[in-house]
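Asks: Taken in sequence, the protein lines are chains A and B. In this text, residue positions in the first sequence follow the UniProt record's numbering: the first is 1, and each later residue adds one. In this text, residue positions in the second sequence follow the UniProt record's numbering: the first is 1, and each later residue adds one. Positions of the beta carbon are idealized from the N, C-alpha and C atoms, including for glycine.
There are 2 protein chains.
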Amino acid sequence: MSTGNRESLQSRAFDPFHPPFPEDHIMSSTESNWFTEAYEPSGSSIGFRVTERLHAEKTPFQTIEIYDSTDWGKLMVIDGCMMLTARDNFLYHEMIAHPALFTHARAKRVVIIGGGDCGTLREVLRHEEVEHAVQVEIDERVTRLAEKYFPELCEANGDPRAELKFDDGIKYMADCEPESVDLVIVDSTDPVGPAEGLFNAAFYASCFKALRPAGLLVQQSESPLAHLELIKSMRMAMRSAGFQAVKTLPFPQPCYPTGWWSCTMARKGADLSGFRERGAATKQFATRYYNADIHKAALALPEFMREALGE
Amino acid sequence: MSTGNRESLQSRAFDPFHPPFPEDHIMSSTESNWFTEAYEPSGSSIGFRVTERLHAEKTPFQTIEIYDSTDWGKLMVIDGCMMLTARDNFLYHEMIAHPALFTHARAKRVVIIGGGDCGTLREVLRHEEVEHAVQVEIDERVTRLAEKYFPELCEANGDPRAELKFDDGIKYMADCEPESVDLVIVDSTDPVGPAEGLFNAAFYASCFKALRPAGLLVQQSESPLAHLELIKSMRMAMRSAGFQAVKTLPFPQPCYPTGWWSCTMARKGADLSGFRERGAATKQFATRYYNADIHKAALALPEFMREALGE
């Protein structure tokens, strides 16, 4: 497993919840107006010029910080890891929602595990075929802070089809009525800490059981360049849980390590070829990244991924 | 124009050639082992954990630094801007070379403007239809340092079809015999400093004149997210120089601002639909990113680009 904790450089200088950072990370940031997240496993960092830290708190699950920035709008940082910026979250949210929803023939019941910022829920509810979407976020504070600082992501929270639960997603899926769900979206933090149990065969088995035939699971699957071994192990665990077909879709995501990210889709009892291209091409809602051509493009794997994943 | 000088944060602390950095960039980096490049126009930064600065010099054109890093191999930095890492340059070099070469029916004569690290030349010479490829780099020191620190990129420098010229690319194209070239690749630094004159209609007119009918121009065109106005103006200038068809191909590039980059292709007297898909699918050389599916995928534009570029 090539993943691990991302280390935040500059937030720590004025973060009361973090222990002092290790010697080899020292950057005097008291004078600086950059928030920089150094990602240890890949030896690279990404930073944003910030103007203000608007909020910081320690919840029972994690620390959450909100910054304002000069060029990326507001930022949400969890345990020192950049979760989203107002400017570039559309890439992730559109790609974790629309390819799966335009692959399923008619996803009526959707479960989102994690996704506390509500951006994925908003994208899901753009689909009129969705009759019910429940977001199961372990940390209510993520959602409350999103409502305050990222109201645009929470636009659909009042939709009568939306249900916001604050609960353990692993337990939720384990207890889910068999064959009751069309799509499970795992929109979690990295596979360390609270999200660790969302990346293994036991969890995938719960999802498999909860899904109806031809149901889909889609999960954020980290960086193609930095986490190829994780992607391989996720795909293997999905298959061993019974999923018949698995595909990984890369997409750009500037605020995450290496600036390149992916989601992995798996399907129960069917292959992943059912893209409703006409539906995507004539969709009645606006997107900024996703469209029918981007959907097909995201299914093309770079040569090194094709080799590593045996496709 | 949304571009400007990229500001290097940490290199400056021990770079004798740079003036003191501005107040709002201060990070005490003497104790740090990260090289971080803050890109002013987009208010974001990208850094790499370095182990050693192997070389630094001021040439008549620019300052060049070479670092070793923990996870990205050697890095080349010009005027504080990350030019390449050993680990991720394959993305850029493959994407600036192969889509154009597999679009042209048979590119025999190729001109590379810039490209001093020789990685583009290496990719071009993988194509057996290429009979002659000249690299016109203004700064010989870039190539000499690449030979020393990135020998893998210079593997093809001894190929009898290769010619290495150290000269002004703007002048070279202006003086080029009309209709003598099949493909011009502009592999330059950002459109400031020595490369500024490579991003305007006068230069594109020289390229147009030098190209044979159905000849191609391809140029690195910065970040889709941070430089959309630049991309628009490049495309407009290419069209006003006479090019019939223009297409922009995005691709991931972790070491460049926003981690997302692009190249723009233009064609003389023909459209850009002639992709030799069978040639790409049966190519006799190895790539790590590019393949026939990636070629088609790179032609799919995200929705915001399609809207901005009128496609």
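Looking at the C-beta of G43 (chain A), does it have a partner C-beta in chain B at a distance below 8 Å?
Replies: The count along the first sequence starts at 1 and reaches residue 43 (chain A) at position 43. Answer yes: the Cβ-Cβ gap between G43 (chain A) and chain B drops below 8 Å somewhere.
Asks: Mapping the DSSP letters down to three states, classify V181 (chain A) as helix, strand or coil.
Replies: Within the first sequence, residue 181 (chain A) is the residue found at index 181, counting from 1. If DSSP states are grouped into helix, strand and coil, V181 (chain A) belongs with the strands.
Asks: If you compare alpha carbons, which of A:E57, A:V50 and A:P302 is closest to L145 (chain A)?
Replies: One-based indexing of the first sequence puts residue 145 (chain A) at position 145. The shortest Cα separation from L145 (chain A) among A:E57, A:V50 and A:P302 belongs to A:E57.
Asks: Find the residues of chain B that neighbour S69 (chain A), judging by a C-beta separation of less than 8 Å, and give them in chain order.
Replies: Residue 69 (chain A) sits at position 69 when you count from the first residue of the first sequence. Simply G43.
Asks: Could you give the DSSP three-state label for S206 (chain A): helix, strand or coil?
Replies: Along the first sequence, read from residue 1 onward, the residue named residue 206 (chain A) stands at position 206. Here S206 (chain A) sits in helix by DSSP.
Asks: Using a Cβ-Cβ distance under 8 Å, would R288 (chain A) count as near chain B?
Replies: Start at 1 with the first residue of the first sequence, and residue 288 (chain A) comes out as number 288. So yes, R288 (chain A) belongs to the interface.
Asks: Is the CB of R239 (chain A) under 8 Å away from at least one CB in chain D?
Replies: Structure shown: chain D not included; protein chains present are A and B.
Asks: Taking buried to mean at least 16 other C-beta atoms within 10 Å of its own C-beta, is M265 (chain A) buried or exposed?
Replies: Position 265 of the first sequence holds residue 265 (chain A). With 16 or more other Cβ atoms within 10 Å, it is buried.
Asks: Quick one: what does DSSP say T63 (chain B) is sitting in, helix, strand or coil?
Replies: One-based indexing of the second sequence puts residue 63 (chain B) at position 63. In this structure, T63 (chain B) counts as strand in the three-state DSSP scheme.
Asks: Would you verify that the beta carbon of A297 (chain A) is, or is not, closer than 8 Å to some beta carbon of chain B?
Replies: Here residue 297 (chain A) refers to the residue found at position 297 when the first sequence is read from its first residue. For A297 (chain A), the answer is yes, since a Cβ of chain B falls inside 8 Å of its Cβ.
Asks: Would you mind reading off the limits of the beta strand (DSSP E) that contains V111 (chain A)?
Replies: Taking the first sequence and counting its residues from 1, the one referred to as residue 111 (chain A) is at position 111. Run containing V111 (chain A): R109 to G114, per the beta strand (DSSP E) assignment.
Asks: Am I right that V142 (chain B) and D117 (chain B) are in contact with their C-beta atoms under 8 Å? What's the rounded C-beta distance?
Replies: Taking the first residue of the second sequence as 1, we reach residue 142 (chain B) at position 142. Taking the first residue of the second sequence as 1, we reach residue 117 (chain B) at position 117. Yes, V142 (chain B) and D117 (chain B) are in contact; Cβ-Cβ is about 6 Å, under 8 Å.
Asks: For the beta strand (DSSP E) that V50 (chain B) lies in, which residues bound it at each end?
Replies: The residue you call residue 50 (chain B) lines up with position 50 of the second sequence. That run of the beta strand (DSSP E) goes S44 to K58.
Asks: Applying the 10 Å Cβ sphere with the 16-neighbour rule, what's the burial state of M236 (chain A)?
Replies: Position 236 of the first sequence, counted from the start, is the residue given in the question as residue 236 (chain A). With fewer than 16 Cβ atoms within 10 Å of its Cβ, M236 (chain A) is classed as exposed.
Asks: Mind checking which residues open and close the alpha helix (DSSP H) that includes F90 (chain A)?
Replies: Counting from one through the first sequence, the residue named residue 90 (chain A) turns up at place 90. Note, F90 (chain A): alpha helix (DSSP H), N89 to L101.
Asks: Indicate whether at least one CB of chain B lies closer than 8 Å to the CB of E303 (chain A).
Replies: Position 303 of the first sequence holds residue 303 (chain A). True, the Cβ-Cβ gap to chain B drops below 8 Å.
Asks: In chain A, what lies closer than 7 Å to F48 (chain B) by C-beta?
Replies: The count along the second sequence starts at 1 and reaches residue 48 (chain B) at position 48. Correct list: G43 and S44.
Asks: From what residue to what residue does the alpha helix (DSSP H) around S188 (chain A) run?
Replies: The residue given as residue 188 (chain A) occupies position 188 in the first sequence. Run containing S188 (chain A): none; DSSP gives neither H nor E here.
Asks: Going by beta carbon distance, what residues of the same chain come within less than 7 Å of residue 313 (chain B), once the five residues before and after it are set aside?
Replies: Here chain B covers residues 1 to 311 and nothing more, so residue 313 (chain B) does not appear.
Asks: Can you find a CB in chain B that lies within less than 8 Å of the CB of I294 (chain A)?
Replies: The residue given as residue 294 (chain A) occupies position 294 in the first sequence. Yes, contact with chain B.
Asks: Listing by chain order, which chain B residues have their CB less than 8 Å from the CB of N89 (chain A)?
Replies: For the purposes of this step, residue 89 (chain A) is taken as residue 89 along the first sequence, with counting starting at 1. Chain B residues near N89 (chain A): none, gap ~12 Å exceeds 8 Å.
Asks: Enumerate in chain order the residues of its own chain whose CB-to-CB distance from Q62 (chain B) is below 6 Å, with the five nearest sequence positions on each side excluded.
Replies: Position 62 of the second sequence, counting from 1, holds the residue named residue 62 (chain B). Taken in chain order, the residues that qualify are I78 and D79.
Asks: Since F132 (chain A) is in the beta strand (DSSP E), which residue starts that stretch and which ends it?
Replies: For the purposes of this step, residue 132 (chain A) is identified with residue 132 of the first sequence, where counting begins at 1. The identity of residue 132 (chain A) in the sequence shown is His, whereas the question assumes Phe. Looking at the DSSP string, the run of the beta strand (DSSP E) that includes H132 (chain A) is H132 to E137.
Asks: Within this structure, are the beta carbons of E94 (chain B) and Y289 (chain B) separated by less than 8 Å?
Replies: Here residue 94 (chain B) refers to the residue found at position 94 of the second sequence. Here residue 289 (chain B) refers to the residue found at position 289 of the second sequence. Taking 8 Å as the Cβ cut-off, E94 (chain B) and Y289 (chain B) qualify as a contacting pair.
Asks: If I'm right that A292 (chain B) touches E277 (chain B) with Cβ under 8 Å, what's the distance once you round it to whole angstroms?
Replies: Locating residue 292 (chain B) in the second sequence gives position 292, counting from the first residue. Locating residue 277 (chain B) in the second sequence gives position 277, counting from the first residue. With 8 Å as the limit, A292 (chain B) and E277 (chain B) qualify as a contact, their Cβ atoms being about 5 Å apart.
Asks: For the alpha helix (DSSP H) that contains F251 (chain A), what are its first and last residues?
Replies: Start at 1 with the first residue of the first sequence, and residue 251 (chain A) comes out as number 251. Careful: F251 (chain A) lies outside any alpha helix (DSSP H), inside the beta strand (DSSP E) at A245 to P252.
Asks: How big is the Cα-Cα spacing for G279 (chain B) and H98 (chain A)?
Replies: Here residue 279 (chain B) refers to the residue found at position 279 when the second sequence is read from its first residue. Here residue 98 (chain A) refers to the residue found at position 98 when the first sequence is read from its first residue. Spanning the two alpha carbons is a distance of roughly 33 Å.
Asks: Please confirm if G259 (chain B) has its CB atom under 8 Å from at least one CB of chain A.
Replies: Reading the second sequence from its first residue, position 259 is the one you call residue 259 (chain B). Yes, because at least one Cβ of chain A sits closer than 8 Å to the Cβ of G259 (chain B).
Asks: Which residue's Cα is closest to the Cα of S206 (chain A): A:P257, A:L301, A:V192 and A:P178?
Replies: For the purposes of this step, residue 206 (chain A) is taken as the residue at position 206 of the first sequence. Ranking A:P257, A:L301, A:V192 and A:P178 by Cα distance to S206 (chain A) puts A:P178 first.
Asks: May I ask you to report which of helix, strand or coil DSSP gives E140 (chain B)?
Replies: Position 140 of the second sequence holds residue 140 (chain B). Reduced to three states, the DSSP call for E140 (chain B) is helix.
Asks: Pick out the complete beta strand (DSSP E) segments inside the region 217-292 of chain A, 3 residues or longer, and give them in chain order.
Replies: 245-252 and 260-267
Asks: Measuring only the C-alpha atoms, how far is A214 (chain A) from L101 (chain A)?
Replies: For this step, residue 214 (chain A) is matched to residue 214 along the first sequence. For this step, residue 101 (chain A) is matched to residue 101 along the first sequence. Roughly 12 Å separates the two Cα atoms.
Asks: Compare the C-alpha of V110 (chain B) against each of B:V186, B:E303 and B:A286 and name the closest.
Replies: The sequence position of residue 110 (chain B) within the second sequence is 110, counting from 1. Looking at the Cα atoms, B:V186 is the closest of the given residues.
Asks: Listed in chain order, which residues of the region 239-256 of chain B have Cβ atoms closer than 7 Å to some Cβ of chain A?
Replies: P252 and P254
Asks: Please confirm if T120 (chain B) has its CB atom under 8 Å from at least one CB of chain A.
Replies: To locate residue 120 (chain B), count along the second sequence from 1; it is residue 120. Cβ-Cβ to chain A under 8 Å: no for T120 (chain B).
Asks: Would you say F21 (chain A) reaches chain B, if we count a Cβ-Cβ gap shorter than 8 Å as a contact?
Replies: As a working mapping, residue 21 (chain A) is identified with position 21 in the first sequence. Confidence at F21 (chain A) is low in this model, with a pLDDT of 33, below 50, so its placement is unreliable and no value can be given for it.
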